[in-house]
Amino acid sequence: MRQVILASHGKLAEGLLNSLRMIIGEELTQDVETYCLFPGENPNDFMNKLKERIATNPQMEFVILCDIKGGSVHTALSQLCVHHNVKVFSGMNMNLAMDILLSCPQVIDAQVKDSIVKNAQDGITFLAADDLKAEEDDEF
């Protein structure tokens, strides 16, 4: 079994979960949790609560998607990687979340991790008017 947790500063995690439900449906996202850090809160408080769940559920894989690499949420939750059943990703985005929810096997190993990260990165693109002009020129 897998528990996916979307973790962010502010309401980004909640917004991403709402978007996921719109695109892939309630059924595939019913077990996804969110953690939103707000001013004055300490991410270590959530980390300590989660640590207890992880210790009492060694058969469950906990996959945590954080918004910013090196941010306070990521730094606190990365401490949980001392447990064999915890995986933490940073740079949370729609591609990353959808890949984990739709096409990821039950256990994320090194090979699967590399594929997940590559797919998330491949979803980031840039397009501007100059790019459109170059595409038009290539067609002729």
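Count the sequence shown with UniProt numbering and you get residues 1 to 140, in order. Idealized CB from N, CA, C, for every residue including glycine.
{"Query": "Is it buried or exposed, residue 126, if we count other Cβ atoms within 10 angstroms and call 16 or more buried?", "Result": "exposed"}
{"Query": "With the cut-off set at 7 angstroms, would you say residue 67 and residue 92 are in Cβ contact?", "Result": "yes"}
{"Query": "Enumerate, from N- to C-terminal direction, the unbroken beta strand (DSSP E) stretches of 3 or more residues contained entirely within the stretch 49 to 116.", "Result": "61 to 66, 86 to 89"}
{"Query": "I'd like to check one pair, residue 106 with residue 60: are the Cβ atoms closer than 7 angstroms?", "Result": "no"}
{"Query": "If residue 80 and residue 54 are in contact, beta carbons under 8 angstroms, what's the gap, nearest whole angstrom?", "Result": "6 angstroms"}
{"Query": "Any beta carbon from chain C within less than 7 angstroms of residue 87's own beta carbon?", "Result": "Reference to chain C is not applicable here, since this structure consists of a single protein chain."}
{"Query": "Are the beta-carbon atoms of residue 32 and residue 17 separated by less than 7 angstroms?", "Result": "yes"}
{"Query": "Would the beta-carbon of residue 72 fall within 7 angstroms of that of residue 39?", "Result": "no"}
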